[in-house]
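Colleague: Below you'll find the structure I mean.
Protein chains: 2
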Amino acid sequence: MAADAELSASGPLGIIAGSGGLPRRVIESCRAAGREVFVLALEGEADRAALETVPHAWCRIGAAATALDLLRANAVGELVLAGGVRRPSLAALRPDWQAAKILARIGYRALGDDGLLKAVIKELEREGFRVIGADQLLTEIALPEGPLGQVQPDPDAEADIAHGARVARAIGALDIGQAVVVQQGFVLGVEAIEGTDGLLRRCASLRRDGPGGVLVKVEKPGQERRADRPVIGPQTVSLAADSGLRGIAAEAGATLVLDRDEVVRLADAAGLFVVGIHPP
Amino acid sequence: MAADAELSASGPLGIIAGSGGLPRRVIESCRAAGREVFVLALEGEADRAALETVPHAWCRIGAAATALDLLRANAVGELVLAGGVRRPSLAALRPDWQAAKILARIGYRALGDDGLLKAVIKELEREGFRVIGADQLLTEIALPEGPLGQVQPDPDAEADIAHGARVARAIGALDIGQAVVVQQGFVLGVEAIEGTDGLLRRCASLRRDGPGGVLVKVEKPGQERRADRPVIGPQTVSLAADSGLRGIAAEAGATLVLDRDEVVRLADAAGLFVVGIHPP
Numbered sequence: 001m002a003a004d005a006e007l008s009a010s011g012p013l014g015i016i017a018g019s020g021g022l023p024r025r026v027i028e029s030c031r032a033a034g035r036e037v038f039v040l041a042l043e044g045e046a047d048r049a050a051l052e053t054v055p056h057a058w059c060r061i062g063a064a065a066t067a068l069d070l071l072r073a074n075a076v077g078e079l080v081l082a083g084g085v086r087r088p089s090l091a092a093l094r095p096d097w098q099a100a101k102i103l104a105r106i107g108y109r110a111l112g113d114d115g116l117l118k119a120v121i122k123e124l125e126r127e128g129f130r131v132i133g134a135d136q137l138l139t140e141i142a143l144p145e146g147p148l149g150q151v152q153p154d155p156d157a158e159a160d161i162a163h164g165a166r167v168a169r170a171i172g173a174l175d176i177g178q179a180v181v182v183q184q185g186f187v188l189g190v191e192a193i194e195g196t197d198g199l200l201r202r203c204a205s206l207r208r209d210g211p212g213g214v215l216v217k218v219e220k221p222g223q224e225r226r227a228d229r230p231v232i233g234p235q236t237v238s239l240a241a242d243s244g245l246r247g248i249a250a251e252a253g254a255t256l257v258l259d260r261d262e263v264v265r266l267a268d269a270a271g272l273f274v275v276g277i278h279p280p
Numbered sequence: 281m282a283a284d285a286e287l288s289a290s291g292p293l294g295i296i297a298g299s300g301g302l303p304r305r306v307i308e309s310c311r312a313a314g315r316e317v318f319v320l321a322l323e324g325e326a327d328r329a330a331l332e333t334v335p336h337a338w339c340r341i342g343a344a345a346t347a348l349d350l351l352r353a354n355a356v357g358e359l360v361l362a363g364g365v366r367r368p369s370l371a372a373l374r375p376d377w378q379a380a381k382i383l384a385r386i387g388y389r390a391l392g393d394d395g396l397l398k399a400v401i402k403e404l405e406r407e408g409f410r411v412i413g414a415d416q417l418l419t420e421i422a423l424p425e426g427p428l429g430q431v432q433p434d435p436d437a438e439a440d441i442a443h444g445a446r447v448a449r450a451i452g453a454l455d456i457g458q459a460v461v462v463q464q465g466f467v468l469g470v471e472a473i474e475g476t477d478g479l480l481r482r483c484a485s486l487r488r489d490g491p492g493g494v495l496v497k498v499e500k501p502g503q504e505r506r507a508d509r510p511v512i513g514p515q516t517v518s519l520a521a522d523s524g525l526r527g528i529a530a531e532a533g534a535t536l537v538l539d540r541d542e543v544v545r546l547a548d549a550a551g552l553f554v555v556g557i558h559p560p
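Sequence order for the protein chains is A and B.
Following the numbering used here, the numbering of the first sequence begins with 1 at its first residue and continues without gaps.
Following the numbering used here, the numbering of the second sequence begins with 281 at its first residue and continues without gaps.
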């Protein structure tokens, strides 16, 4: 802990900010703790409004040399990756010389999402940065085991959760995605590149009559937690309710819950369960 | 073959007709061969226009007793299952006593699509019907190995095909679906209950810049070919082209190609490859 404190004191925390609510949460948490930050905002991903009050610069994902220069110019020693990144095609990436060098080393095509993120973290560490997980900066956000709000899954929902967890784990092992929607034993949808929100939106039109389905979200086997943990938040609950689901089950311990109070309030109001599970 | 001829002569061929173009193809093939048919058209699935000129009756999927009565009243001894069926929820199924009895025996929830279809075929055989595959009634429609039209996949597309085949096989082993779309090494989408056409439509908005993706469709391991073979047709090619894909790879031998000439014409015109592969 003493070493951490020294590193922390050596400069602002660098935040590489992708999409979603996580970067804002990290910024707020640092502000509350009196920690300086420098945000490297990824173009097309980061939320502009979340960055207005803090030192930041925008950067293309493919501009690795620029990114490293910006981080060093702002005396960043410790880094956190926060938020989602829609993985671009190699053509859209337009890698600069630094990114091209990294890509040549790691092999872009051969890697799934998780493999690529692990490699990026390794490169950042090779460049001398210390990469920490967003969860180390936040408190009370890992999903506990059991129901989070008032609603509990019934035995039918439990069966869908068990089936979903098995399938989601297999999907994760293939590095395709983290989430599936299961209704009455059938897999309505599997998350791939569209993300969990996209999966939930399309499941609105795929649902069958009768008791609604369940979103099941789990960590990929061997997932790099510093870069890409399962996340649920108020938006997840709202979309699940809009799509006629009965609830959300996510991996306890591994899943970050953004704005837990609002998640519970929305879920209780909509009659949805939100439950932490231990997948097989 | 003599036994086949006897059975064939004993009454009209029963066609349980789901969605898509396959029922029409089977009807046309029987007409060309001078074989009488009786079509049991599944409500909400079968194409009304395809049935206008042949003896037929409509039936709910859950009305098994009615279905069996209709088949027997029309002297059907030999049956073919043709076309797609969107598996209903148990609530929407509204099983009659016969369907309820069958469901109680096989256990609805425990089965994936393929398991359910196998069980339905077993029940039909138990009731004394001979169930044959649609491919036995049609000619020249199994996808051969190699390219079907003028266009061939380049090495990048070959890499996407290989990755897609591996993933699709795994998705099939989980009884989730038969198809995936892969672009530049990433799984853009996985087919579940929405079907291949639904998968292709949503991949239009998920595609990345650069060379387009590939639809890969394979048989599920141990799939019941008499009920549910992979199918591609002109609609598949049109949707693939609309979604910016570069081509279609499907399992050689196992995949039915509907209207092969039109498939080749559309694919060549759009610059898409259609290729038969042998997945791992």
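The beta-carbon is built from N, C-alpha and C at its ideal position, and this holds for glycine as well.
All of these numbers come straight from a predicted model, not from anything done at the bench.
Output, in chain order, the set of chain A residues within a Cβ distance shorter than 7 Å of B:P368.
Modeller: R208
Colleague: Does any residue of chain B bring its CB to less than 8 Å from the CB of A:R225?
Modeller: A:R225 does not count as touching chain B.
Colleague: Taking 8 Å as the cut-off, decide whether the C-beta atoms of B:P510 and B:A534 are in contact.
Modeller: yes
Colleague: Provide the residue span of the beta strand (DSSP E) that contains A:H56, from first to last.
Modeller: 56-59
Colleague: Taking A:K217 as the reference, give the member of A:A204, A:V167, A:I15 with the closest Cα.
Modeller: A:V167
Colleague: Would you say A:A170 faces chain B, with C-beta separation under 8 Å as the test?
Modeller: yes
Colleague: Count the other CB atoms within 10 Å of the CB of A:S205; is the residue buried (16 or more) or exposed (fewer)?
Modeller: exposed
Colleague: Which of helix, strand or coil does DSSP assign to B:L480?
Modeller: B:L480 falls in the helix class under three-state DSSP.
Colleague: On a CA-only basis, which of B:R488, B:Q515, B:I528, B:W377 is nearest B:D477? Give me that one, please.
Modeller: B:Q515
Colleague: B:V365 touches chain A at which residues, Cβ-Cβ below 9 Å?
Modeller: Within chain A, no residue comes near B:V365; the closest Cβ sits about 12 Å away, beyond 9 Å.
Colleague: B:A442 CB to nearest chain A CB: under 8 Å?
Modeller: no
Colleague: Under 7 Å from any heavy atom of the ligand SAM, does the C-beta of B:G457 make it?
Modeller: With respect to small molecules bound, the structure shown includes none, and the ligand SAM cannot be examined in it.
Colleague: How many whole angstroms separate the CB atoms of A:F38 and A:P55, which I take to be in contact at a CB cut-off of 8 Å?
Modeller: 5 Å
Colleague: Our contact map puts B:L359 next to B:I296 with C-beta atoms below 8 Å; I'd like the distance itself, whole angstroms only.
Modeller: 7 Å
Colleague: Grab the span of the alpha helix (DSSP H) containing A:E28 for me, first residue to last.
Modeller: That run of the alpha helix (DSSP H) goes 22-33.
Colleague: Under 9 Å Cβ-Cβ, which residues of chain A neighbour B:R482?
Modeller: E194, G198, R202
Colleague: Who are the near neighbours of A:E125 in its chain, counting only those whose CB is closer than 7 Å to its CB and skipping five residues on each side?
Modeller: V131
Colleague: State yes or no: is the beta carbon of A:L81 nearer than 8 Å to at least one beta carbon in chain B?
Modeller: For A:L81, the nearest beta carbon of chain B is not closer than 8 Å to its own beta carbon.
Colleague: Taking Cβ-Cβ distances shorter than 7 Å, what residues in chain E pair up with B:L454?
Modeller: Of the chains in the structure shown, none is chain E; the protein chains are A and B.
Colleague: Run through DSSP, which three-state label would B:I512 get?
Modeller: strand
Colleague: Hey, could you find the ends of the beta strand (DSSP E) B:Q463 is sitting in?
Modeller: 459-463
Colleague: Under 8 Å between the Cβ atoms of B:L418 and B:V461?
Modeller: no
Colleague: Kindly identify the DSSP beta-bridge partner or partners of B:I528.
Modeller: In the DSSP assignment, the residues bridged to B:I528 are B:L495, B:V554.
Colleague: Tell me, please, which residues DSSP counts as bridged to A:R130.
Modeller: A:E78
Colleague: What does B:V467 touch in chain A if you count any residue whose Cβ is under 7 Å from its own?
Modeller: Simply I176, A192, I193.
Colleague: Check whether the segment 140-149 of chain A and the segment 248-268 of chain A are in contact - that is, three or more C-beta pairs closer than 8 Å.
Modeller: yes
Colleague: By Cβ distance, which residues of its chain are closer than 6 Å to B:G300, with the 5 residues on each side in sequence left out?
Modeller: G363, G364
Colleague: Am I right that A:D175 and A:K220 are in contact with their C-beta atoms under 8 Å? What's the rounded C-beta distance?
Modeller: Rounded, the Cβ-Cβ distance is 6 Å, consistent with contact.
Colleague: Sort out for me which residues DSSP pairs B:S518 with in a bridge.
Modeller: Answer is none; B:S518 lacks a bridge partner.
Colleague: State the Cα-Cα distance for the pair A:L258 and A:A75, rounded to the nearest angstrom.
Modeller: 29 Å
Colleague: Please tell me whether B:A337 and B:L350 are closer than 8 Å, where the distance is taken between their beta carbons.
Modeller: yes
Colleague: In whole angstroms, what is the alpha-carbon distance linking A:A5 and A:E52?
Modeller: Interpretation of A:A5 is limited by its pLDDT of 38, a score under 50 that renders its predicted location unreliable; no figure is taken from the coordinates.
Colleague: Could you check what DSSP says for A:A142 in three-state terms: helix, strand or coil?
Modeller: strand
Colleague: Using the three-state DSSP reduction, which class does A:A3 fall into: helix, strand or coil?
Modeller: Low local confidence applies: a pLDDT of 39 at A:A3 is under 50, so the model's placement there is unreliable, with the coordinate-based value given in what follows. DSSP places A:A3 in helix when its eight states are reduced to three.
Colleague: Out of curiosity, what's the CA-to-CA distance linking A:A46 and A:Q136?
Modeller: 21 Å
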